[in-house]
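> Okay, here's the structure, questions in a sec.
In the numbering used here, the protein residues as written are 136 to 361.
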C-alpha cells in the first residue's frame with residue numbers, strides 16, 4: 136500500500152463543524168456515537184453496496200471507532216465507484232474504487248490545540264505503514280491530510296446573515312481534522328471490492344493503535360507512562 140502525505144487534498148476554506156447537508160439526499164453530520172443504529176441508513180454512498188463485505192467491514196469499523204472503546208470518531212466519509220480509470224497514467228488497471236474518511240478526537244478541544252492534530256496524523260501515518268509492512272496491500276493508496284475546520288459552538292464570531300462564520304486567526308473554534316483519501320485499483324469489480332475490504336481492515340488496525348496511544352481527554356498527547 137502506498138501511504139503518503141496529501142497536503143493539497145483538503146478544502147481551501149475552513150469547513151464548518153457540525154456541517155449541514157447542502158444537496159438533496161445528503162444526511163449532513165450525524166453523531167454516530169449517539170446513533171450507531173443509523174450507520175447503514177445515513178451513509179448514502181454506501182447504501183447501494185450494502186451487500187459487499189467491504190461495506191460491512193466499514194460499518195463495523197464505524198461502530199468501533201464511534202463506540203466506547205475508542206477516543207476517536209468519524210465526522211464524514213465518501214465512496215465513489217467502481218468506475219473506469221480515466222487515464223492509463225493513473226493506473227495500469229481499468230477499475231478504481233475511491234473515497235475518503237474524516238477522523239477527529241471526540242473531545243472537540245483536542246482538535247483545536249496547536250500542533251495536536253499534527254501529532255495525531257503522524258502517528259496514524261506511521262501505524263498504516265507498519266500494518267502494511269506485515270502484509271503488503273498492492274494497488275491501493277492512502278493519502279493523509281489535515282483539513283481546517285471551524286467549530287460552530289466554540290467560535291467567538293457572530294453568524295452572518297447567510298449563516299456563515301468568519302473567525303479570526305486565534306479563534307478558539309479553529310481546529311483541524313484528519314482526512315484519509317483512498318484508491319483501490321483492479322481488473323474487475325470483485326477485485327477492487329476485495330482490495331477495499333483489506334484496506335478498511337488496515338485502517339481499523341491503525342486507528343485502534345492510534346486510539347490506544349492517546350489519553351481519552353488529553354488531546355493527541357502520548358499516554359502517561361505507568
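We put the beta carbon where it would ideally sit given N, CA and C, even for glycine.
Less than 8 Å between C-beta atoms, sequence neighbours within five positions excluded: which residues of the same chain meet that for residue 324?
Position 189 of the chain shown, counted from the first residue, corresponds to residue 324. If we look at residue 324 and ignore the five residues flanking it on each side, its Cβ neighbours are 217, 230.
> Name the residue from 142, 315, 168 whose alpha carbon lies nearest to the alpha carbon of residue 339.
Here residue 339 refers to the residue found at position 204 of the chain shown. Cα-wise, what sits closest to residue 339 is 315.
> By how many angstroms is the C-alpha of residue 267 removed from the C-alpha of residue 136?
Along the chain shown, read from residue 1 onward, the residue named residue 136 stands at position 1. Along the chain shown, read from residue 1 onward, the residue named residue 267 stands at position 132. One alpha carbon belongs to residue 136, the other to residue 267, and they sit about 6 Å apart.
> Classify residue 185: buried if its beta carbon has 16 or more other beta carbons within 10 angstroms, exposed otherwise.
As a working mapping, residue 185 is identified with position 50 in the chain shown. It is exposed - the Cβ of residue 185 has fewer than 16 other Cβ atoms within 10 Å.
> Would you mind sorting residue 253 into buried or exposed? The rule is 16 or more other CB atoms within 10 Å of its CB.
The residue you call residue 253 lines up with position 118 of the chain shown. When all chains shown are included, residue 253 counts as exposed.
> Do you know offhand how far residue 165's Cα is from residue 196's?
Taking the chain shown and counting its residues from 1, the one referred to as residue 165 is at position 30. Taking the chain shown and counting its residues from 1, the one referred to as residue 196 is at position 61. Those two C-alpha atoms are separated by around 16 Å.
> Can you tell me whether residue 219 is buried or exposed? The criterion is at least 16 other CB atoms within 10 Å of its CB, across all chains shown.
The count along the chain shown starts at 1 and reaches residue 219 at position 84. Under this definition residue 219 is an exposed residue.
> Relative to the C-alpha of residue 343, which residue among 265, 319, 312, 310 is closest?
Taking the first residue of the chain shown as position 1, residue 343 is located at position 208. With distances taken between Cα atoms, residue 343 lies closest to 265.
> Grab the span of the alpha helix (DSSP H) containing residue 332 for me, first residue to last.
Numbered from its first residue, the chain shown carries residue 332 at position 197. Annotation for residue 332: the continuous alpha helix (DSSP H) segment containing it runs 324-348.
> Contact check, residue 189 vs residue 335 under 8 Å by CB: the rounded distance?
Translated into the one-based positions of the chain shown, residue 189 becomes position 54. Translated into the one-based positions of the chain shown, residue 335 becomes position 200. In this structure, residue 189 and residue 335 form a Cβ contact; the two beta carbons are roughly 6 Å apart against a cut-off of 8 Å.
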